[in-house]
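Read through the structure below, which is laid out as structure tokens, and then see the notes.
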Amino acid sequence: ADWAQEQGDAPAILFDKAFCEMMIQQIGPQLDGKIPVSRGFPIAEVFTLKPLEFGKPNTLVCFVSNLFPPMLTVNWQHHSVPVEGSGPTFVSAVDGLSFQAFSYLNITPEPSDIFSCIVTHEIDRYTAIAYWVPQNALPSDLLENVLCGVAFGLGVLGIIVGIVLIIYFRKPCSGD
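Final position of the sequence shown in the UniProt record's numbering is 176; the numbers increase by one with none missing.
Set out below in structure tokens:
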């Protein structure tokens with residue numbers, strides 16, 4: 001490119017560089033500890049408040065960490081369609097001038113659901129998106145039936161072993 005070969009702005013760039021380095025050396029120590037360092041981008045995670053059971057009401061939680069300053073907007077989507085009725089976003093401080101936030105959405109999960117929590121940091125307009133898809137859900141009756149069957153099987157096995165032991169020990173000992 002032709003503009004890369006031009007040297008006309010080199011003295012101005014060198015002056016700006018020297019000025020910035022001088023400002024960092026002169027003012028930097030005075031501001032140390034007073035102006036917080038950027039914490040990076042917010043990180044969002046979505047999980048359920050209770051164990052997942054299809055067809056039963058539950059609450060999705062959008063947890064936002066690595067947040068500074070604590071100015072954000074949280075929106076929920078279901079199958080890429082905005083959802084109304086989410087709870088307010090709660091922000092709390094953590095150690096080191098950082099914040100975390102929680103947003104809640106009441107749902108009744110179905111196997112085909114796809115929810116997304118969209119977090120927009122209002123200062124730098126960075127957007128973090130976390131998805132939630134139902135995984136490892138047990139039908140509510142299956143767990144109860146399995147546990148009941150195991151307990152019944154152990155009970156029957158205990159009765160059989162008990163009867164065998166009673167019969168075995170009631171036999172008279174043959175004397176020599």
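Even for Gly, the Cβ is constructed at its ideal location relative to N, Cα and C.
Quick check on residue i: does DSSP put it in helix, strand or coil?
| i | result |
| --- | --- |
| Ile160 | helix |
Using 7 Å as the threshold, is the C-beta distance between residue i and residue j below it?
| i | j | result |
| --- | --- | --- |
| residue 177 | Leu49 | The chain is shown from 1 up to 176; residue 177 falls before or after that span and cannot be answered. |
| Val81 | Leu60 | no |
| Pro70 | Val83 | no |
| Pro109 | Asn58 | yes |
| Ala44 | Cys117 | yes |
| Pro42 | Asn66 | yes |
Does residue i pass the burial test, meaning 16 or more other C-beta atoms within 10 Å, or should it be called exposed?
| i | result |
| --- | --- |
| Ala18 | exposed |
| His79 | exposed |
| Val119 | buried |
| Leu97 | exposed |
| Cys62 | buried |
| Asp64 | Residue 64 is actually Val in this sequence, not Asp. Looking at its Cβ environment, which holds 16 or more other Cβ atoms inside 10 Å, Val64 is buried. |
| Ala12 | exposed |
| Phe115 | buried |
Counting Cβ pairs closer than 8 Å, one from the stretch 98 to 113 and one from the stretch 69 to 84, do we hit at least three? yes
Can you list, in chain order, the stretches of the beta strand (DSSP E) that have 3 or more residues and sit fully within the UniProt domain "Ig-like" (36 to 130)? 43 to 48, 58 to 67, 72 to 78, 90 to 94, 98 to 107, 115 to 121
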